[in-house]
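In the working numbering, the protein residues as written are 1 to 495.
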């Protein structure tokens, strides 16, 4: 009986031990399974993180890091290269239409570029309106893809803002020396920027040349000089008079920006203004021109010279929401009337019906500014569009004036523009008048005001004052007599 009891007790203890062991085993297995699950989740998260680090969330394309990795793989496989694609005027488009629409444009461009890729190639969205295509093969292969991409981007598409056609500048760079491997994207970007400026002379696709790097370094130093010139007020304004076509009396002056570089000498606005725009300096530069023009006009006003002063407004300035506020503040600070301040806006810019530009025109109208449509005749203005603009003046483009004495077509166009201006009750100004014959023809056509080297080259504010007062020592305008300004004898109380 004792043995049996012992056996029952032993069996009970063994059962408890087995149960405890089983429970412990199950707990251990659960912990291992839990640990494995956590490890798997961490691997998934890590994999997703690596994918996100290599990819662009907006487009689904690679980003710069992913592109670098793809190029490393291509480098071990054979010849390859990069095509960089810069969407033209992307920053201006984003400012005009907002982030949502600019995102739509980026996604559309990504889809179209992706459709152009040959086997083994890949695409990346670098930033803003900049893309890059990594392509296996030689120069001819890359150019073929670039041409196709250019054509695909140019296909029109309907959007919430109307028909959209994407234009782009493209740069091509092929892998050469081993030390160039990490700089392919940089080289292609330099070529794309050159294509955008039109300096390559081959259209909108440019192949990288080693000389571009040296030019880029020189331009970087030049741009730094421009920044210093703006900060240190080394730029200056010259003024070119506008004269009444019948009396030849000075009625207004156009402010023209000039830069006298300490080493390069006189730098043309056509060189440094595009640089300022590309570097985002145009806002500061444009504000200084407006401020300085108002200061000079106030000095003339104090002398009894009640002239209009004209300032050129760029396309980028037209997209600034506070442009008119700044003009109004300057006018108020110097005690000037809005109708004595002329905003000269080129015809092509005036016809850009962006929301910001339209609002800017309306604010100019409300403030009472004198608005002039510059370079008229070179764009595609419609009569209806002209009537909607708050314009007071048309300026006939100098290209038509240059041929007046020799071309019947030029005379017909100029006469038509004068007639159009009269029909719309707009003052008509001819710029680029250089000969007596041109002057007489424009007078007969009924042009209101004339401007050009026949009367005066651009001169300083002090020289302009001397010219109006008849004390100028400049030899330029002596071939054509000047009368006193129309407003020379106007009293200050009437200004």
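Where a beta carbon is used, it is the ideal one built from N, C-alpha and C, also for glycine.
- The beta carbon of residue 103 is closer than 7 Å to those of 58 in its chain, skipping five residues each way along the sequence.
- Taking the Cα positions, residue 447 is about 11 Å away from residue 420.
- Scanning its chain for C-beta atoms nearer than 6 Å, with the 5 sequence neighbours on each side dropped, one finds around residue 342 the residues 308, 310, 370 and 372, in chain order.
- Residues 223 of the same chain have their beta carbon placed closer than 6 Å to that of residue 279, with the five preceding and five following residues left out of the count.
- A residue is called buried when at least 16 other Cβ atoms come within 10 angstroms of its Cβ; residue 406 does not meet this threshold and is exposed.
- In the structure shown, residue 248 falls within a coil segment according to DSSP collapsed to helix, strand and coil.
- Here DSSP, grouped into helix, strand and coil, assigns residue 135 to strand.
- Residue 306 carries a coil assignment under DSSP once its states are collapsed to helix, strand and coil.
- Per DSSP, the continuous alpha helix (DSSP H) segment holding residue 75 begins and ends at 64 to 75.
- The beta-carbon separation of residue 364 and residue 317, rounded to 12 Å, does not stay under the 8 Å limit for a contact.
- With contacts defined by Cβ atoms closer than 8 Å, residue 344 and residue 440 do not form a contacting pair.
- Here the C-alpha atom of residue 295 lies approximately 11 Å from the C-alpha atom of residue 461.
- With respect to residue 300, residue 465 sits close: the two C-beta atoms are nearer than 8 Å.
- Counting every other CB atom within 10 Å of its CB across the protein chains shown gives residue 325 a total below 16, marking it as exposed.
- In the DSSP assignment, residue 346 falls within the unbroken beta strand (DSSP E) covering 341 to 346.
- Under the three-pair Cβ rule at 8 Å, the segment 66 to 82 does not count as touching the segment 104 to 119.
- Residue 438 sits in a helix when the DSSP states are folded into three classes.
- DSSP places residue 422 inside the alpha helix (DSSP H), whose first and last residues are 408 to 423.
- In the three-state scheme derived from DSSP, where H, G and I count as helix and E and B as strand, residue 279 is classed as coil.
- Inter-segment contact for the segment 211 to 231 and the segment 422 to 430 is absent: fewer than three beta-carbon pairs are separated by less than 8 Å.
- Counting only residues of its own chain and dropping the five nearest sequence neighbours on each side, residue 64 has a CB closer than 7 Å to the CB of 124 and 126.
- Looking at the DSSP output, residue 256 shares a beta bridge with 238.
- For residue 74, same chain residues with a beta-carbon under 7 Å away, outside a window of 5 residues either side, are 80, 134 and 136 in chain order.
- Considering only 84, 78 and 105, the residue with the shortest C-alpha distance to residue 91 is 105.
- By the Cβ test, the segment 152 to 163 is not in contact with the segment 180 to 193, since fewer than three Cβ pairs between them sit closer than 8 Å.
- DSSP places residue 171 in the strand class (E or B) of the three-state scheme.
- As DSSP reads the structure, residue 428 sits in a beta bridge with 394.
- With distances taken between CA atoms, residue 231 lies nearest to 288 out of 288, 303, 94 and 328.
- Residue 206 is bridged by DSSP to 171.
- Distance from the Cα of residue 60 is smallest, within the candidate group 235, 101 and 131, for 131.
- In terms of Cβ geometry, residue 148 and residue 116 form a close pair [threshold 8 Å].
- As a beta-bridge residue in DSSP terms, residue 127 pairs with 130.
- With contacts defined as CB atoms closer than 8 Å, residue 226 and residue 458 fail to qualify as a contacting pair.
- Ranked by Cα distance from residue 347, the options 397, 84, 391 and 376 are led by 376.
- Per DSSP, residue 113 is one residue of the alpha helix (DSSP H) stretching across 99 to 114.
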